[in-house]
C-alpha cells in the first residue's frame, strides 16, 4: 500500500513538472502585412510565422468577414547556428479588403495555438488620374515630405514612390531609376519591390511599387525627372509554336515630373549641427550584470554604449558623440558602428559608439550628461535627445598576483632554476600554458640571475638603480606573442617588462601600464585588455585579437629606452631559434 502511494506521488509530481514546463514549449505565431495601410480594391500579403511546431493546421475562416482570400501558400525554413537547429513555418495569404476603415485580423487558431491579432488600415480607392486614362500600362509617382506639402528642409528625407500599373503581361521589362536635377541629393532605395493587385474603373491591374528616400543637399528647386518603363507586351492568344516567333509590341511609358521646394536651414539654427528628422532617440546600455549603483573597481574596464537612432536620416548624417570625461577616468572609444535600416516607407539611421572607461584610482566620478540637438521636421521646431549625468563609485583595485622581480630572495630562488608561477585564466588555451610557462620561465629566470650577478658585482650601489632587460630577448618574446595573436602571453610579457621598467613603483595591471605610456601604445594595450576580459570589457563576444599593432607600439617603446649607461650582456638564450 505504501509502495502504491509512493508511486502515485511520483507520477503526480512528474505531471506537475510537465505542466510547469509547458509555457516554455509554447509556439509563438506572429502575423505581419507587407503593406499597411492599403487602399480599397488593392491586394496585400498577410504572413503568419511560427517559430516551432504548431498544434494543427490553421483555420482562416474568420478572415472572410473582412477580407477576400485570393490565394494561400505555405513553406518551411531551417537555420543551423552554432550547431543549434531552428525551424520556422510560414503561411502566406493574398487578401483583398471588403471595406475601408480599421480592419482587424483576428487571432487565428492553429489547433490549441493561436496567432497574434493585427490591425490593417484600409483607405478609400484612389481617384483615377488623367495619366491613366483607362490605359493598360501607366506609371504614377508621388513625393512625400514630413511637412506634408511640396516643401522640405535641406538634408531632410523625401519619400519618392513609383507605381507601375499594368493590365497586360510584359516581358523584357525595365523601369528607370530616379534622376535629380538642379540640386545635389543622396538617393537610397528602400526595401524590396512590392507587388499587389488593384482595380481602377472596373479594370484589374497588377501594381509594382518601388520606394526611395531622397536627401537634398542644397536649398532650391529639386526636380525629379520622369521615370521610363519599357517592356514587350505578351499576347496570350498566340499559339504554342509562336514562342519561336518575335514577341509582341514594345511599349514605353513615362511618369510625370516632380518638383519640390527645398528650404534652407533656419537662420536661428546651427548649420553644422543640423539634424532634420521625424524622430531621434539617444539610448545608453551597460554590460549585462553591471549595476552602476554598486561599487566598481579601479583598473577594470567598463563599456559605455551610446546608440543614436534617427528616423529620416542616414547613419552618415549622425554626429560623433564625444562626452568630456572627468580627470582620472580614461576613455577609449571603439570604431563607431553605422547602420542604415531601410524600411518600406522610411530610412532609419543608427550610430553606435562603444567607449571603454577605465577608472585609474578609487573615488567618485561623474559621467557628463549627453545631449544631441535635432530639428523635428514634422512639427518644425528644435528638440533635444538627452541622457542624464551618471555617478560611478570606484573602489581601489585589489593587489593582483602578478609575477614581480624586486627582491634578492626572489632572484636567488629563480637562479636555482625554479619556474615562477604564471597567472593563467581558465579560458586560456593549452598552447599558451606551454609556451607561456616555458618562455616566461626562461625570461624571468635569466632576469633574476642577471640581477643577482649585478648585485654581487656592484654591491649596494646597484640598490638604487633600475634593472635593464636584454632588449633583444624581450623583443623576440613579445614579437612571437603578438604575431601569433596570443593575448594571454602578450599580457604576461607586458607585466614583466613593466615591473622592470618601473621597478620602484611596479604596475599591477594592464590598465596601470596604460596610464604610464603614450596614447597610441595605451590604446593597443586596452584593446588587448578588452579581449582578455571581454565579458566586462568592450570587446564583442567571439572577437579575435590581432597583435600586429601592439607589437609595433611595443617595439617603439623599447627603442626609446634600449640605450642605457650600463652595458648589458645578452644573457637570455634565444627561445625561438
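Numbering (this note's numbering), first residue to last: 254 to 830.
A virtual CB, placed ideally from N, CA and C, is assigned to each residue, including glycine.
Is residue i near residue j, with beta carbons less than 8 Å apart?
{"i": "residue 406", "j": "residue 630", "result": "yes"}
{"i": "residue 515", "j": "residue 471", "result": "yes"}
{"i": "residue 426", "j": "residue 480", "result": "no"}
{"i": "residue 522", "j": "residue 628", "result": "yes"}
{"i": "residue 241", "j": "residue 503", "result": "Since the first residue of the chain shown is 254 and the last is 830, residue 241 is not available in this structure."}
{"i": "residue 378", "j": "residue 488", "result": "no"}
{"i": "residue 747", "j": "residue 778", "result": "yes"}
{"i": "residue 603", "j": "residue 560", "result": "yes"}
{"i": "residue 410", "j": "residue 468", "result": "yes"}
{"i": "residue 482", "j": "residue 392", "result": "yes"}
{"i": "residue 462", "j": "residue 446", "result": "yes"}
{"i": "residue 782", "j": "residue 803", "result": "no"}
{"i": "residue 299", "j": "residue 358", "result": "yes"}
{"i": "residue 444", "j": "residue 596", "result": "yes"}
{"i": "residue 363", "j": "residue 433", "result": "no"}
{"i": "residue 373", "j": "residue 286", "result": "yes"}
{"i": "residue 345", "j": "residue 306", "result": "no"}
{"i": "residue 573", "j": "residue 441", "result": "no"}
{"i": "residue 320", "j": "residue 311", "result": "no"}
{"i": "residue 633", "j": "residue 735", "result": "no"}
{"i": "residue 284", "j": "residue 368", "result": "yes"}
Between which residues of its own chain and residue i is the CB-CB distance below 8 Å, once the five residues before and five after are set aside?
{"i": "residue 812", "result": "none"}
{"i": "residue 365", "result": "308 and 309"}
{"i": "residue 271", "result": "With a pLDDT of 43 at residue 271, under the threshold of 50, the predicted position of this residue should be treated as unreliable, though the coordinate-derived value follows. Contacts found: none."}
{"i": "residue 545", "result": "539, 643, 644 and 645"}
{"i": "residue 375", "result": "290, 291, 292, 293, 350, 352, 353, 354, 355 and 356"}
Between residue i and the rest of its own chain, which residues show a CB-CB distance below 6 Å, the 5 nearest in sequence each way excluded?
{"i": "residue 419", "result": "390 and 459"}
{"i": "residue 810", "result": "774"}
{"i": "residue 788", "result": "Because residue 788 sits at a pLDDT of 36, beneath the cut-off of 50, its placement in the model cannot be relied upon, and the following sentence gives the value as read from the coordinates. Excluding positions up to five away in sequence, the list is empty."}
{"i": "residue 770", "result": "none"}
{"i": "residue 577", "result": "621"}
{"i": "residue 718", "result": "Any reading at residue 718 needs caution, since the residue's pLDDT is 42, under 50, leaving its predicted position unreliable; the model's value is listed next. For residue 718, where only same-chain residues beyond five positions count, there are no Cβ hits under 6 Å."}
{"i": "residue 331", "result": "340"}
{"i": "residue 329", "result": "342"}
{"i": "residue 678", "result": "At residue 678 the pLDDT is 38, less than 50, meaning the model places this residue with poor confidence and gives no usable figure here."}
{"i": "residue 755", "result": "none"}
{"i": "residue 398", "result": "405 and 411"}
{"i": "residue 605", "result": "560 and 590"}
{"i": "residue 566", "result": "530 and 602"}
{"i": "residue 478", "result": "432"}
By Cβ distance below 7 Å, which residues in the same chain neighbour residue i in space, the five residues on each side in sequence not counted?
{"i": "residue 681", "result": "The pLDDT assigned to residue 681 is 41, lower than 50, so where the model puts this residue is not dependable, and the model offers no usable value."}
{"i": "residue 776", "result": "585"}
{"i": "residue 534", "result": "562 and 638"}
{"i": "residue 435", "result": "473, 474, 475 and 476"}
{"i": "residue 506", "result": "390, 391, 392 and 482"}
{"i": "residue 614", "result": "551 and 581"}
{"i": "residue 423", "result": "484, 485, 486 and 487"}
{"i": "residue 640", "result": "535, 537, 622 and 623"}
{"i": "residue 795", "result": "Because residue 795 sits at a pLDDT of 38, beneath the cut-off of 50, its placement in the model cannot be relied upon, and the point is left open."}
By alpha-carbon positions, which one of the options ends up nearest to residue i?
{"i": "residue 511", "options": "751, 774, 294 and 395", "result": "395"}
{"i": "residue 743", "options": "785, 431, 644 and 376", "result": "785"}
{"i": "residue 322", "options": "797, 582 and 450", "result": "450"}
{"i": "residue 315", "options": "330, 340, 370 and 342", "result": "370"}
{"i": "residue 806", "options": "728, 764 and 765", "result": "728"}
{"i": "residue 325", "options": "554, 313, 360 and 333", "result": "313"}
{"i": "residue 439", "options": "645, 430 and 447", "result": "430"}
{"i": "residue 623", "options": "633, 590 and 575", "result": "575"}
{"i": "residue 644", "options": "618, 650 and 632", "result": "618"}
{"i": "residue 581", "options": "568, 757, 768 and 422", "result": "768"}
{"i": "residue 508", "options": "428, 374, 553 and 590", "result": "428"}
{"i": "residue 553", "options": "730, 650, 529 and 399", "result": "650"}
{"i": "residue 636", "options": "530, 568 and 549", "result": "530"}
{"i": "residue 453", "options": "753, 388 and 513", "result": "388"}
{"i": "residue 541", "options": "556, 548 and 528", "result": "556"}
{"i": "residue 448", "options": "288, 441, 738 and 757", "result": "288"}
Could you tell me if the beta carbon of residue i falls within a distance shorter than 7 Å of some heavy atom in the ligand GDP?
{"i": "residue 807", "result": "As far as ligands go, the structure on display features none, and thus does not contain the ligand GDP."}
### Query
Considering only residues of the region 330 to 382, which uninterrupted beta strand (DSSP E) runs meet the minimum length of 3 residues and lie entirely inside it, listed in chain order?
337 to 350, 354 to 358 and 371 to 376
### Task
Scan the region 429 to 473 and note each continuous alpha helix (DSSP H) run of 4 residues or more that stays entirely inside, going in chain order.
none
### Query
Would you call the region 599 to 615 and the region 446 to 459 in contact, with 3 or more CB pairs under 8 Å?
no
### Message
For a minimum of 3 consecutive residues, which ranges assigned as the beta strand (DSSP E) are wholly contained in the region 545 to 630?
### Response
555 to 564, 582 to 586, 590 to 595, 600 to 612, 616 to 620 and 623 to 629
### Query
What runs of the alpha helix (DSSP H), each 4 residues or longer, lie entirely inside the region 739 to 804?
740 to 754, 763 to 767 and 772 to 785
### Query
What are the start and end residues of each continuous alpha helix (DSSP H) run of 4 or more residues lying completely inside the region 295 to 336, in chain order?
none
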